Amino acid sequence: MSRISLVHVSPNASFQHREIFRIVDLQFGSAGLQLKRFLWLINAHDQLISFPEICSNTSAIIKSCETAWDTQDPIISELLKVIPILDWISDNRKLLADKIGPDFDRQPTRVKDHPIMSRGSSRHPLYTTLWNHHENESVRNVYGLLQGHLLVAFAGELLQAKNQTDYENYDGPREWKSTANSPYPACLAVRELSENRHTPLIMQLAVRNSPKDFAESLNRLPEILSEVLLERVDDLRRFLQKHHGIEDWVIRSQSKINGTPGGGSPKVTGYVEISPQLIKVDLPLGDSGSPLDDCGITSLVSEIGISHSEQVERLESDLAPDEIDQQEMILTEFDQNQTGTVAANAGSQLRHIAMANQAFPWSYQQLSLAELSDALSKTMDWIDANVKGKKPHIIASAKTLERLELICLMRFMIFTGSSFDRAQEAIIYLQNQPNQDVDLTYLYTDGQPGSWRIRAIHPDYKSQVVQDNGLDRARTDYFTLPDISHSGKILSFLVSTAKWYAMPLDPPLPEYKLVRRDSKKTREQLHDLLKELDPSGRLTEQKISTFLFNRILEVSQGDICAASIICGQAHPLARVRLFYSVYSVEALQKLYLSAVEGLSGQLLKARQSKITITSPSLPENPYSVGSRLCPNFEAAKDAVNNLKMGLLENRNSDVETKFHNLYVIWMIWHFLFATACRGIITPYLPVSEIDAQTGVGLLADKDDGTGYKARFIWIPPFVLKLMGNFEKYLGLFAKSCSFTVDGHDPFFVKQDPLKNKIYAEIVRPTTLQPVMNRFLPYPVNFHRRFMRTELLTRGCPSEVVDAWMGHWNFGEEPWGPYSSFSFLEYRATLEKYLVPLMQDLGLDGTVP
Numbered sequence: 009m010s011r012i013s014l015v016h017v018s019p020n021a022s023f024q025h026r027e028i029f030r031i032v033d034l035q036f037g038s039a040g041l042q043l044k045r046f047l048w049l050i051n052a053h054d055q056l057i058s059f060p061e062i063c064s065n066t067s068a069i070i071k072s073c074e075t076a077w078d079t080q081d082p083i084i085s086e087l088l089k090v091i092p093i094l095d096w097i098s099d100n101r102k103l104l105a106d107k108i109g110p111d112f113d114r115q116p117t118r119v120k121d122h123p124i125m126s127r128g129s130s131r132h133p134l135y136t137t138l139w140n141h142h143e144n145e146s147v148r149n150v151y152g153l154l155q156g157h158l159l160v161a162f163a164g165e166l167l168q169a170k171n172q173t174d175y176e177n178y179d180g181p182r183e184w185k186s187t188a189n190s191p192y193p194a195c196l197a198v199r200e201l202s203e204n205r206h207t208p209l210i211m212q213l214a215v216r217n218s219p220k221d222f223a224e225s226l227n228r229l230p231e232i233l234s235e236v237l238l239e240r241v242d243d244l245r246r247f248l249q250k251h252h253g254i255e256d257w258v259i260r261s262q263s264k265i266n267g268t269p270g271g272g273s274p275k276v277t278g279y280v281e282i283s284p285q286l287i288k289v290d291l292p293l294g295d296s297g298s299p300l301d302d303c304g305i306t307s308l309v310s311e312i313g314i315s316h317s318e319q320v321e322r323l324e325s326d327l328a329p330d331e332i333d334q335q336e337m338i339l340t341e342f343d344q345n346q347t348g349t350v351a352a353n354a355g356s357q358l359r360h361i362a363m364a365n366q367a368f369p370w371s372y373q374q375l376s377l378a379e380l381s382d383a384l385s386k387t388m389d390w391i392d393a394n395v396k397g398k399k400p401h402i403i404a405s406a407k408t409l410e411r412l413e414l415i416c417l418m419r420f421m422i423f424t425g426s427s428f429d430r431a432q433e434a435i436i437y438l439q440n441q442p443n444q445d446v447d448l449t450y451l452y453t454d455g456q457p458g459s460w461r462i463r464a465i466h467p468d469y470k471s472q473v474v475q476d477n478g479l480d481r482a483r484t485d486y487f488t489l490p491d492i493s494h495s496g497k498i499l500s501f502l503v504s505t506a507k508w509y510a511m512p513l514d515p516p517l518p519e520y521k522l523v524r525r526d527s528k529k530t531r532e533q534l535h536d537l538l539k540e541l542d543p544s545g546r547l548t549e550q551k552i553s554t555f556l557f558n559r560i561l562e563v564s565q566g567d568i569c570a571a572s573i574i575c576g577q578a579h580p581l582a583r584v585r586l587f588y589s590v591y592s593v594e595a596l597q598k599l600y601l602s603a604v605e606g607l608s609g610q611l612l613k614a615r616q617s618k619i620t621i622t623s624p625s626l627p628e629n630p631y632s633v634g635s636r637l638c639p640n641f642e643a644a645k646d647a648v649n650n651l652k653m654g655l656l657e658n659r660n661s662d663v664e665t666k667f668h669n670l671y672v673i674w675m676i677w678h679f680l681f682a683t684a685c686r687g688i689i690t691p692y693l694p695v696s697e698i699d700a701q702t703g704v705g706l707l708a709d710k711d712d713g714t715g716y717k718a719r720f721i722w723i724p725p726f727v728l729k730l731m732g733n734f735e736k737y738l739g740l741f742a743k744s745c746s747f748t749v750d751g752h753d754p755f756f757v758k759q760d761p762l763k764n765k766i767y768a769e770i771v772r773p774t775t776l777q778p779v780m781n782r783f784l785p786y787p788v789n790f791h792r793r794f795m796r797t798e799l800l801t802r803g804c805p806s807e808v809v810d811a812w813m814g815h816w817n818f819g820e821e822p823w824g825p826y827s828s829f830s831f832l833e834y835r836a837t838l839e840k841y842l843v844p845l846m847q848d849l850g851l852d853g854t855v856p
C-alpha cells in the first residue's frame with residue numbers, strides 16, 4: 009500500500025500548532041508565545057510529528073550544554089526559559105496525543121526507524137535531528153552536546169535574521185530558507201554520527217568547548233577513514249564556522265521570471281530575495297486613505313557588500329548599519345505586467361522619494377493647526393452635548409461608548425504621533441501606577457495633569473554589549489511626555505462610561521485598554537468619523553497619525569531622530585541616526601511641549617475657553633534615550649586630560665616610544681573629533697590633501713567609488729596646525745627608527761617580547777582600540793556618538809550635524825541640485841559650536 013504524502017501548511021494554519029498553544033496557555037497562563045518562539049528557533053514540523061520525544065531530547069541537550077560549557081551561551085540562556093514547558097509536554101505525551109492526534113507522539117515501528125523520515129525530514133532538518141539520540145547509551149550525553157552546538161548555530165542565525173514571521177507563514181513543499189545556506193547537510197552529518205559505529209569519532213570531538221572554540225577545533229579532525237563521513241563532518245564544520253564568523257556565508261544572486269528560478273545575473277527581475285546580505289526598509293510614502301496620494305509600497309534595499317566575518321567584527325565594535333550597508337536599490341509594488349511602466353517612471357519615483365525625504369514642513373500632505381483644531385473642537389462639542397455633566401449609568405450605551413472610544417483613539421494618535429495599530433493597544437491608568445510592559449500608556453490622576461508614557465525606541469542592535477563602568481549616560485526604557493491637551497478628562501469619561509455599560513473590564517480598573525472591540529471594525533468606524541468631521545477628505549488616518557511627527561520636525565529644524573523617539577516610530581531616515589544619538593528625557597519633553605502648544609492653544613481659542621496653556625514644571629530627570637556606549641561629557645573630558653598628563657610625563661622619558669604612541673593618539677583624537685571620520689582603515693587625512701588657506705578637504709570614509717557619500721570637511725586652524733607639526737615629527741622619528749616604516753601613515757611602535765625587537769604598527773581601528781582603552785574603554789568610533797549628541801545638545805542645527813556626520817539619503821544630499829545647503833554657513837556654524845566643544849574637552853591643538 010503506498011504512503012499518502014503529507015500536505016504541508018504554514019505553522020499559522022496548522023491545527024497542531026494552534027492546539028498545543030491553546031493547551032499550554034491553559035496550563036501555564038500565557039506561555040504560548042514562548043513556545044511559539046521556540047518552534048521557530050528549531051524550524052518545527054508543521055504537524056509536530058513526534059514532538060514530545062523532541063521536547064524530551066532538547067530539554068536534556070539544553071541542560072547538558074548549560075553544565076558543560078565554560079562560558080554561558082546567550083542562546084542556551086534563552087532556551088532555558090522554555091524547559092518547564094518542554095518537560096511538561098514530554099511527561100503528558102499520551103494525554104496530548106489524544107487531543108492533537110496520534111502522529112503527535114508517533115513512535116518508531118522498528119529498530120533504527122526514524123518516525124519523521126519521509127514525512128518532512130528534509131523540510132525540517134534540525135527538528136528531525138533533535139529527535140535522534142546516540143545508539144550507545146553511554147555516549148548520549150556527549151552526542152547531546154554535539155546536537156547543542158548545531159542548535160545554537162541554527163537558532164543564533166534565526167535570531168539575527170529576525171524571520172519568525174516568515175517561518176510562521178511559510179507553506180511551501182520544500183525546506184524553508186531559514187539561513188543563507190541550508191542547514192540540511194550539517195543536520196545530516198549530526199544524524200549520521202548518532203550511529204554506534206561512529207562512537208570513537210564522537211569521543212574525540214571537543215564538544216565540551218564553548219560553541220566558537222568547538223567550531224574552530226573542527227579544523228583539526230582526527231583521521232577519518234570514510235571519505236563520505238569526512239565530507240559529512242566537513243559540512244557540519246562549515247555551517248558552524250559560518251555562524252561564528254570564521255568562514256563566510258555563500259550568497260548567490262537569484263531571480264525569478266514567471267516562476268522559473270535562475271541565478272547569477274546581476275539584474276533581478278520580478279522580485280528581490282531579502283537574504284541576510286540585504287536589508288529592506290519600507291518607506292512611508294503617500295497616504296493610503298487618500299486616492300490621490302496612494303502610491304503603493306516603496307522600499308529601499310541596502311546591500312551588505314562585506315563578508316560575514318567582517319560584519320561580525322564591525323558589529324562587535326558597536327558600529328551602525330551605515331558602516332556596513334553599501335549600494336541602495338529601490339523596490340516598488342508592481343506586478344510583472346507593469347515592469348515597463350516602472351522603468352518609464354523610475355525618475356519620477358526617485359524624485360517622489362527625494363521630496364518625501366526632504367520632509368518640508370509646508371508640505372500640502374500635512375494637516376494645518378486650523379484643520380486639526382476644528383476637528384477636535386467638533387468632538388468636544390459632541391462630548392459637551394452627550395457626556396459632560398451627565399451620570400455615566402444614564403448615558404452608557406453601545407453607541408455612546410463606541411463614539412467615545414473613537415474620539416479617545418483619535419486623541420492618542422494626534423498627541424502621541426501613534427499609528428492606529430499602536431494607539432489601539434494603549435492602556436489608560438487612573439492611579440498613575442503603570443505595571444504593564446506596553447508601548448503606550450496614559451497616566452491620569454483626577455485633579456492633576458496627566459502624562460503620556462512612551463516606550464523608548466532603541467537602535468536595532470545585532471550584538472549584545474554590557475557597559476557598566478559608570479562613564480555611560482544612564483538610559484531608560486520609558487519616558488513621559490506632559491499632557492497639555494487636557495485629554496485626561498476625556499479619557500476618564502470613556503472609562504467611567506464603560507464601567508456602567510454591560511461590557512466586562514478585564515483587567516479591572518484602574519487599568520483600561522483603550523480599544524476593546526474588533527480592530528477591523530474600529531478602523532472602519534474611525535475612517536467614518538474622520539469623514540464626518542471633515543467631508544473634504546483631508547482628514548485621514550495617516551495624516552492624523554503623522555501630524556505630531558511633522559510638527560516636531562518643524563520646531564526642531566528637521567531633527568528626524570528626535571521626532572522618531574518622541575513618536576515611538578523607527579522612521580527609515582532615523583534608522584542610522586539612532587545609532588549615534590542620545591537625548592536627555594528633559595530635552596525631549598521640552599521639544600514635545602514646543603510642538604503641541606500651538607495646537608492646544610488654537611483648540612482652546614476655537615472653543616473660546618478661558619483656560620490658558622501653561623508649560624508644566626518638568627522635574628529633573630537624569631535619564632536619556634537613544635544610543636548605548638556614549639560617555640558623558642565629564643568622562644570624555646577626563647580621558648582627554650589623562651592623555652595630556654601622560655604626554656607631559658613621558659615627554660622627556662628615556663623610552664621615546666611611550667611619548668610617540670601617546671602623541672599618535674593625541675593627533676588621531678583631534679582629527680576624529682574635528683571631522684567625525686568613520687572607522688576606516690586609516691582614520692586620518694594627510695595635510696597635503698587639505699587646502700591650507702581654507703582648511704577644506706574631501707573625506708571619502710564611506711564610498712563605493714561614485715562619490716555619493718564623500719563629503720567636504722573643514723579642519724579648524726588649531727587642528728590643521730597640529731597636523732602639520734605632527735607630520736614633520738613623524739618624518740623625523742621614522743628616520744631615527746631602527747626598523748622600516750612603510751608609507752607615511754601614522755603608526756604605533758610595538759615591542760615583540762618573544763623576538764626581543766620593536767616594529768611599526770600602522771594606525772587602524774583594531775590597533776587603535778587597545779591603546780585608547782587605557783584612557784576611555786569605548787569602541788573606537790565612540791566620538792561619532794559623543795560629538796553628535798553634544799552638538800545637538802548645544803543647539804547646533806540638525807542639518808549641519810547630519811552633513812558633518814555624512815548622514816543623508818535620497819533628497820537630503822548637501823550637494824544636491826536643489827539643496828539650499830551653504831558651505832559658508834556650514835563652516836560658520838561649526839566655528840560656533842564645534843570649536844568651543846573641542847576646547848571645552850581639552851582638545852586645543854597644543855602638545856603638552
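For the sequence shown, my numbering assigns the number 9 to the initial residue and increments by one for each residue that follows.
From the three backbone atoms N, C-alpha and C, an ideal C-beta is built for every residue, glycine too.
The structure displayed is predicted, hence computed values, not measured ones.
### Query
Just curious, the alpha helix (DSSP H) that Pro193 is in, first and last residue?
What you label residue 193 is simply residue 185 of the sequence shown in a count that begins at 1. Unbroken alpha helix (DSSP H) run through Pro193: Tyr192 to Glu200.
### Task
Could you say which of Val395, Arg419, Asp468 and Ile465 lies nearest to Tyr450 if we only look at CA atoms?
Here residue 450 corresponds to residue number 442 of the sequence shown, with the count starting at 1. Closest by alpha carbon: Arg419.
### Message
Need the endpoints of the alpha helix (DSSP H) that Tyr175 sits in, please.
### Response
The residue labelled residue 175 in the question sits at position 167 within the sequence shown. Per DSSP, Tyr175 belongs to the alpha helix (DSSP H) from Gln172 to Asn177.
### Task
Please confirm whether any heavy atom of the ligand FAD lies closer than 7 Å to the CB of Val32.
Among the components modelled here there is no ligand, and therefore nothing to report on the ligand FAD.
#### Entry: Separation of Asp33 from Ala39, as counted between CA atoms
Counted from its first residue, the sequence shown places residue 39 at position 31. Counted from its first residue, the sequence shown places residue 33 at position 25. Using only the alpha carbons, I get a separation of about 5 Å.
### Query
Alpha carbon to alpha carbon, how far is Ile282 from Val563?
By one-based count along the sequence shown, residue 282 stands at place 274. By one-based count along the sequence shown, residue 563 stands at place 555. Note that Ile282 scores a pLDDT of 38, beneath 50, so its modelled location is shaky; the value from the coordinates is reported in the next line. Near 37 Å, if we compare the C-alpha coordinates of Val563 and Ile282.
### Query
Buried or exposed: Thr854, going by 16 or more other Cβ atoms within 10 Å of its Cβ?
Residue mapping note: residue 854 aligns to position 846 of the sequence shown, counting from 1. When all chains shown are included, Thr854 counts as exposed.
### Task
Check whether the Cβ of Phe420 lies closer than 8 Å to any Cβ atom in chain C.
Protein chain content of the structure displayed is limited to a single chain, and chain C is not contained in it.
#### Entry: Glu336 (DSSP reduced to helix, strand or coil)
Within the sequence shown, residue 336 is the residue found at index 328, counting from 1. Per-residue confidence for Glu336 stands at a pLDDT of 46, beneath the threshold of 50, marking its modelled position as unreliable; the derived number appears in the next sentence. Glu336: strand per DSSP, three-state reduction.
#### Entry: Leu479 and Pro630 closer than 8 Å at C-beta
Counting from 1 along the sequence shown, the entry for residue 479 is found at position 471. Counting from 1 along the sequence shown, the entry for residue 630 is found at position 622. For Leu479 and Pro630, no; Cβs fall outside 8 Å.
### Query
When DSSP labels each residue in this structure, what does Val5 get in the three-state scheme?
One cannot answer for residue 5 here, as it falls past the ends of the chain, which runs 9 to 856.
### Message
Please give the ranges of any beta strand (DSSP E) in the stretch 494 to 570, keeping only runs that are unbroken, at least 3 residues long and fully inside the region.
### Response
519 to 521
### Task
Report the residue ranges of all alpha helix (DSSP H) runs contained in full by the stretch 399 to 432; include only those spanning at least 4 residues, in chain order.
400 to 403, 406 to 424 and 428 to 432
### Task
Let me know the secondary structure DSSP gives Phe587 once reduced to three states.
Reading the sequence shown from its first residue, position 579 is the one you call residue 587. Of the three classes helix, strand and coil, the one that applies to Phe587 here is helix, per DSSP.
### Delimiting residues of the alpha helix (DSSP H) encompassing Phe112
For the purposes of this step, residue 112 is taken as the residue at position 104 of the sequence shown. Unbroken run through Phe112: none, as it is neither H nor E.
### Query
Starting from Ala214 and walking both ways along the alpha helix (DSSP H), at which residues does that stretch end?
Taking the sequence shown and counting its residues from 1, the one referred to as residue 214 is at position 206. From DSSP, Ala214 is part of no alpha helix (DSSP H); its letter is neither H nor E.
### Query
Considering Trp460, what are the terminal residues of the beta strand (DSSP E) in which it resides?
Counting from 1 along the sequence shown, the entry for residue 460 is found at position 452. Ser459 to Arg463 is the extent of the beta strand (DSSP E) around Trp460.
### Query
What's the C-alpha gap between Ser553 and Ser427?
Counted from its first residue, the sequence shown places residue 553 at position 545. Counted from its first residue, the sequence shown places residue 427 at position 419. So the alpha carbons of these two residues sit roughly 5 Å apart.
### Task
Could you tell me how far apart the beta carbons of Ala163 and Leu49 are, in whole angstroms, since I believe they sit closer than 8 Å?
Position 155 of the sequence shown, counted from the start, is the residue given in the question as residue 163. Position 41 of the sequence shown, counted from the start, is the residue given in the question as residue 49. About 4 Å separates the two Cβ atoms, so the contact holds.
### Task
For Ser381, count neighbouring Cβ atoms within 10 angstroms of its own Cβ and tell me buried if that reaches 16, exposed if not.
As a working mapping, residue 381 is identified with position 373 in the sequence shown. Buried.
### Query
Which same chain residues, not among the five before or five after Arg246, have their C-beta less than 7 Å away from its C-beta?
Residue mapping note: residue 246 aligns to position 238 of the sequence shown, counting from 1. Same-chain partners within the cutoff: Glu255.
### Task
Look up Gly606 in the DSSP assignment and say whether it is helix, strand or coil.
Locating residue 606 in the sequence shown gives position 598, where the first residue counts as 1. Here Gly606 sits in helix by DSSP.
#### Entry: Validate contact between the stretch 146 to 159 and the stretch 16 to 25 using beta carbons, cut 8 Å, 3 pairs
no
#### Entry: Through-space distance from His579 to Ile573, alpha-carbon basis
Residue mapping note: residue 573 aligns to position 565 of the sequence shown, counting from 1. Residue mapping note: residue 579 aligns to position 571 of the sequence shown, counting from 1. Spanning the two alpha carbons is a distance of roughly 9 Å.
### Message
Suppose only complete runs of 3+ residues qualify. What are the beta strand (DSSP E) ranges in the stretch 626 to 678, listed by chain order?
### Response
632 to 634
### Query
Under 8 Å between the Cβ atoms of Gly425 and Leu556?
Working through the sequence shown from its first residue, we reach residue 425 at position 417. Working through the sequence shown from its first residue, we reach residue 556 at position 548. Cβ distance < 8 Å, so Gly425 and Leu556 count as in contact.
### Query
Just to confirm, are Leu784 and Leu845 a CB contact at a threshold of 8 Å?
Working through the sequence shown from its first residue, we reach residue 784 at position 776. Working through the sequence shown from its first residue, we reach residue 845 at position 837. No.
### Query
What's the gap between the Cα of Asp536 and the Cα of Leu417?
As a position in the sequence shown, residue 536 is number 528, starting the count at 1. As a position in the sequence shown, residue 417 is number 409, starting the count at 1. Straight-line Cα distance between these residues: approximately 13 Å.
### Task
Determine the direct distance from the alpha carbon of Leu166 to that of Ile332, and round the result to whole angstroms.
As a first step, residue 332 is located in the sequence shown; it is residue number 324 there, counting from the start. As a first step, residue 166 is located in the sequence shown; it is residue number 158 there, counting from the start. For Ile332, the pLDDT reaches just 47, beneath the cut-off of 50, and the residue's location in the model is therefore unreliable, leaving the point undetermined.
### Distance, Ile673 Cα to Pro769 Cα
Looking up residue 769 in the sequence shown gives position 761. Looking up residue 673 in the sequence shown gives position 665. The sequence shown places Glu at residue 769, not Pro. Answer to the nearest angstrom: the Cα atoms are 13 Å apart.
### Query
Relative to the alpha-carbon of Ser459, which residue among Asn189, Ala682 and Leu489 has its alpha-carbon at the smallest distance?
To locate residue 459, count along the sequence shown from 1; it is residue 451. Taking only the C-alpha atoms, the option nearest Ser459 is Leu489.
### Query
Whose C-alpha, out of Lys399, Arg792, Gly732 and Ile391, is nearest the C-alpha of Ser589?
The residue given as residue 589 occupies position 581 in the sequence shown. Among Lys399, Arg792, Gly732 and Ile391, the Cα nearest to that of Ser589 belongs to Arg792.
### Query
For Asp447 versus Gly576, is the C-beta distance shorter than 8 Å?
Along the sequence shown, read from residue 1 onward, the residue named residue 447 stands at position 439. Along the sequence shown, read from residue 1 onward, the residue named residue 576 stands at position 568. In this structure, Gly576 lies closer than 8 Å to Asp447 by Cβ.
### Query
Count the other CB atoms within 10 Å of the CB of Ser64; is the residue buried (16 or more) or exposed (fewer)?
Residue mapping note: residue 64 aligns to position 56 of the sequence shown, counting from 1. Looking at its Cβ environment, which holds 16 or more other Cβ atoms inside 10 Å, Ser64 is buried.
#### Entry: Integer-rounded CB distance, given that Ile721 should sit under 8 Å from Gly705
Within the sequence shown, the letter at position 697 stands for residue 705. Within the sequence shown, the letter at position 713 stands for residue 721. The pair is a contact, with the Cβ atoms about 5 Å apart (cut-off 8 Å).
### Message
If I follow the unbroken beta strand (DSSP E) through Ile768, where does it start and stop?
### Response
Counting from 1 along the sequence shown, the entry for residue 768 is found at position 760. The sequence given here has Ala at residue 768, not Ile. Residues Lys765 to Ile770.
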